[in-house]
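In our numbering, the protein residues as written are 19 to 428.
Ideal Cβ positions, reconstructed from N, Cα and C, are used throughout, including at glycine.
To start, the structure under review is shown below, and the notes come after it.
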Amino acid sequence: MTGAGARADCDVAIVGAGMVGATLACGLAEGGLRVALVEATPPPGDWPAGSVDTRVSALTAASRQIFLRLGAWSDMVELGVSPFGHMRVWDAGGRGSIHFDCADIGTAQLGHIVENRVMQRALLARARGLGGLALHCPAGLETLEPRAAAIRVGLSDGGVFDARLVVGADGAASRVRQLAGIGVRGWGYDQHALVATVATERPHEETAWQRFLPTGPLAFLPLRDGRCSIVWSTDPARARELVGLSDAEFMERLAESFEYRLGRVTGVSGRATFPLRLQHAAGYTAPRVALIGDAAHVIHPLAGQGVNLGLLDAAALAERVLDAAAAGMDIGAPRVLRGYERWRKGDNLGMMLAMDGFKRLFGSAASPLRLARNLGLDFADAAAPLKHAIIRRAMGLRGDLPRLARQGYI
Ligand SMILES: Cc1cc2nc3c(=O)[nH]c(=O)nc-3n(C[C@H](O)[C@H](O)[C@H](O)COP(=O)(O)OP(=O)(O)OC[C@H]3O[C@@H](n4cnc5c(N)ncnc54)[C@H](O)[C@@H]3O)c2cc1C
Numbered sequence: 019m020t021g022a023g024a025r026a027d028c029d030v031a032i033v034g035a036g037m038v039g040a041t042l043a044c045g046l047a048e049g050g051l052r053v054a055l056v057e058a059t060p061p062p063g064d065w066p067a068g069s070v071d072t073r074v075s076a077l078t079a080a081s082r083q084i085f086l087r088l089g090a091w092s093d094m095v096e097l098g099v100s101p102f103g104h105m106r107v108w109d110a111g112g113r114g115s116i117h118f119d120c121a122d123i124g125t126a127q128l129g130h131i132v133e134n135r136v137m138q139r140a141l142l143a144r145a146r147g148l149g150g151l152a153l154h155c156p157a158g159l160e161t162l163e164p165r166a167a168a169i170r171v172g173l174s175d176g177g178v179f180d181a182r183l184v185v186g187a188d189g190a191a192s193r194v195r196q197l198a199g200i201g202v203r204g205w206g207y208d209q210h211a212l213v214a215t216v217a218t219e220r221p222h223e224e225t226a227w228q229r230f231l232p233t234g235p236l237a238f239l240p241l242r243d244g245r246c247s248i249v250w251s252t253d254p255a256r257a258r259e260l261v262g263l264s265d266a267e268f269m270e271r272l273a274e275s276f277e278y279r280l281g282r283v284t285g286v287s288g289r290a291t292f293p294l295r296l297q298h299a300a301g302y303t304a305p306r307v308a309l310i311g312d313a314a315h316v317i318h319p320l321a322g323q324g325v326n327l328g329l330l331d332a333a334a335l336a337e338r339v340l341d342a343a344a345a346g347m348d349i350g351a352p353r354v355l356r357g358y359e360r361w362r363k364g365d366n367l368g369m370m371l372a373m374d375g376f377k378r379l380f381g382s383a384a385s386p387l388r389l390a391r392n393l394g395l396d397f398a399d400a401a402a403p404l405k406h407a408i409i410r411r412a413m414g415l416r417g418d419l420p421r422l423a424r425q426g427y428i
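Shown next, in the form of structure tokens:
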């Protein structure tokens with residue numbers, strides 16, 4: 019039962035079957051709703067055994083819990099995930115540093131590095147297995163037409179159907195957001211993130227490493243095969259130059275910029291760049307429309323929080339919608355959607371502003387700021403309660419978590 023009025027063709031149409039949209043599809047299909055999932059690009063086919071995609075994400079404990087609860091985590095483990103137990107962060111402009119250790123808070127790991135394609139494949143397989151799901155792929159969203167008790171969805175392949183609710187999980191350039199007339203605020207960072215997979219002379223010690231350079235942060239994320247996935251944020255001209263270097267020149271520049279912490283860089287593959295920006299939707303809802311993931315918010319990748327926030331959106335929206343359905347309410351009613359927006363918008367904004375602040379603090383060459391951030395890193399490193407609070411926040415273990423993300427919740 020999903021509310022009064024004429025029966026729509028489906029309960030929820032989700033546009034975008036990326037990591038966030040596919041997670042919502044699992045959550046809603048598991049709750050017995052009829053879901054239409056619309057995706058423009060066919061998901062990745064088979065890949066060679068032992069290969070690693072350059073697009074990976076650092077997942078928090080909260081995100082892993084969502085995948086566990088949805089029954090998709092075991093497939094991800096089978097396809098390959100990389101746990102990390104330590105995080106080391108330091109500033110190129112001084113001696114300040116901080117070391118996070120999972121043992122400090124009594125957990126087996128701080129998080130996992132997982133290829134984006136692994137998440138997407140496991141989630142889509144799970145969603146299909148749950149039943150109640152119609153996958154429209156490849157098909158792009160073309161039109162949205164609000165009606166009294168439903169919203170009409172028009173697709174690029176000519177498909178047309180009615181849904182009680184349409185969810186935009188279609189990324190930063192969301193068509194759902196545009197068609198719903200929801201504006202965005204934000205700014206470009208005048209930075210690009212260069213990603214690649216690299217081999218290093220010394221072992222990564224299951225540690226996520228990050229050095230703050232004046233031009234932007236450089237992260238080495240540990241992979242299960244001993245290599246690292248790097249995210250090197252820098253100005254666009256330098257990013258272009260780095261992509262154009264020979265492998266040997268690039269490996270030398272990378273190792274030097276990383277202070278040879280893992281020795282020399284001995285191999286590199288798959289260099290690609292992504293422009294970075296901060297972007298926040300003015301609202302997360304419109305009549306019978308809700309936005310989740312990058313469609314709602316885009317954040318600097320320096321603390322690896324983007325998809326983690328999106329997964330919490332998906333879990334929170336699933337909870338609100340399923341509770342409304344169980345209570346016999348219209349799942350697309352403004353009350354239901356506003357409840358979701360109130361829950362997630364403040365949390366997301368807080369994290370976005372914190373990351374923006376870090377980016378500016380560590381990007382400044384001004385002496386007083388350099389001194390302050392180095393003292394701050396050392397102080398936080400020495401103050402156990404503060405450090406534990408930072409770890410728990412970064413692991414997604416604090417705040418008003420949706421049921422799916424709560425540890426131990428069955
Ligand atoms: C370099 C880099 C490193 C990052 N590292 C991390 C990290 O370590 N941890 C982390 O949490 N986050 C990280 N992020 C952020 C993370 O990648 C994003 O937050 C995440 O991809 C958002 O997922 P999404 O499903 O909301 O959107 P997307 O991944 O953009 O997926 C949107 C989907 O919608 C589909 N689509 C788009 N338009 C249409 C349409 N009109 N019709 C139908 N389908 C459509 C697309 O094909 C796509 O499949 C990083 C980002 C960058 C750039």
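The beta strand (DSSP E) spanning residue i covers which residue range?
i: Ala31; result: Cys28 to Val33
i: Cys246; result: Cys246 to Thr252
i: Leu236; result: Gly234 to Pro240
i: Ile116; result: Ser115 to Asp119
i: His104; result: His104 to Asp109
In whole angstroms, what separates the C-alpha of residue i from that of residue j?
i: Ser69; j: Ser75; result: 16 Å
i: Gly262; j: Ala217; result: 19 Å
i: Gln83; j: Tyr358; result: 20 Å
i: Gln425; j: Ala257; result: 40 Å
i: Ala47; j: Val95; result: 22 Å
i: Gly346; j: Val107; result: 50 Å
i: Leu77; j: Cys246; result: 15 Å
i: Gln209; j: Trp361; result: 31 Å
i: Thr20; j: Ala372; result: The predicted model places Thr20 with a pLDDT of 43, which falls under 50 and marks its position as unreliable; any figure quoted below should be read in that light. Each residue's Cα considered, the two are about 38 Å apart.
i: Ala211; j: Leu260; result: 11 Å
i: Val33; j: Ala266; result: 42 Å
i: Phe102; j: Gln127; result: 6 Å
i: Val213; j: Asp348; result: 44 Å
i: Phe230; j: Gly281; result: 18 Å
i: Leu183; j: Gly176; result: 20 Å
i: Ile428; j: Gly89; result: Low per-residue confidence applies at Ile428: pLDDT is 38, beneath 50, and the placement is therefore not dependable, though the value from the model is reported in the following sentence. So the alpha carbons of these two residues sit roughly 12 Å apart.
i: Val286; j: Phe268; result: 8 Å
i: Thr448; j: Glu274; result: Only positions 19 to 428 of the chain appear in this structure, which leaves residue 448 out of reach.
i: Leu151; j: Gly324; result: 26 Å
What do you reckon, is the C-beta of residue i under 7 Å from a heavy atom of ligand 1?
i: Asn366; result: no
i: Gln209; result: no
i: Asp71; result: no
i: Val339; result: no
i: Glu48; result: no
i: Arg424; result: no
i: Ala198; result: no
i: Glu57; result: yes
i: Gly328; result: yes
i: Ser75; result: yes
i: Arg193; result: yes
i: Ala313; result: yes
i: Pro319; result: yes
i: Met37; result: yes
i: Gly201; result: no
i: Leu272; result: no
i: Gly129; result: no
i: Leu355; result: no
i: Val30; result: no
Ends of the alpha helix (DSSP H) at residue i?
i: Ile84; result: Ala79 to Leu88
i: Phe268; result: Asp265 to Ser275
i: Trp91; result: Trp91 to Leu97
i: Met347; result: That residue, Met347, is in no alpha helix (DSSP H); it is neither H nor E in DSSP.
i: Ala54; result: Per DSSP, Ala54 belongs to no alpha helix (DSSP H); it is in the beta strand (DSSP E), Val53 to Val56.
i: Met413; result: Here Met413 belongs to no alpha helix (DSSP H), and DSSP marks it neither H nor E.
i: Val70; result: Element bounds for Val70: n/a, residue is neither H nor E.
i: Thr59; result: Element bounds for Thr59: n/a, residue is neither H nor E.
i: Ala43; result: Met37 to Glu48
Mind checking whether residue i and residue j have CB atoms under 8 Å apart?
i: Val2; j: Ala300; result: Any question about residue 2 goes unanswered here, given that the chain covers just 19 to 428.
i: Arg242; j: Gly98; result: yes
i: Leu320; j: Tyr207; result: no
i: Val495; j: Ile248; result: The displayed coordinates of the chain run from 19 to 428. Any statement about residue 495 would go beyond what the structure contains.
i: Ala26; j: Ala168; result: yes
i: Arg276; j: Leu239; result: Position check: residue 276 holds Phe in this sequence, whereas Arg was assumed. The answer is no: Cβ separation not under 8 Å.
i: Glu219; j: His104; result: no
i: Leu141; j: Ala40; result: yes
i: Ala333; j: Leu422; result: yes
i: Ala374; j: His318; result: Note that residue 374 is Asp in the sequence shown, not Ala. Yes. Within cutoff.
Would you say the beta carbon of residue i comes nearer than 7 Å to a heavy atom of ligand 2?
i: Gly189; result: For ligand 2, the structure offers nothing, since it holds only ligand 1.
Minimum length 3: unbroken beta strand (DSSP E) runs contained in the stretch 124-164: 129-133, 151-154 and 159-164
My parser needs the beta strand (DSSP E) runs of 3 or more residues fully inside the stretch 278-309; what are they? Residue ranges of uninterrupted beta strand (DSSP E) with 3 or more members, entirely inside the stretch 278-309 and ordered along the chain, are 283-299 and 307-309.
Ignoring anything shorter than 3 residues or poking outside the stretch 172-227, list the beta strand (DSSP E) runs there in chain order. 178-186 and 202-218
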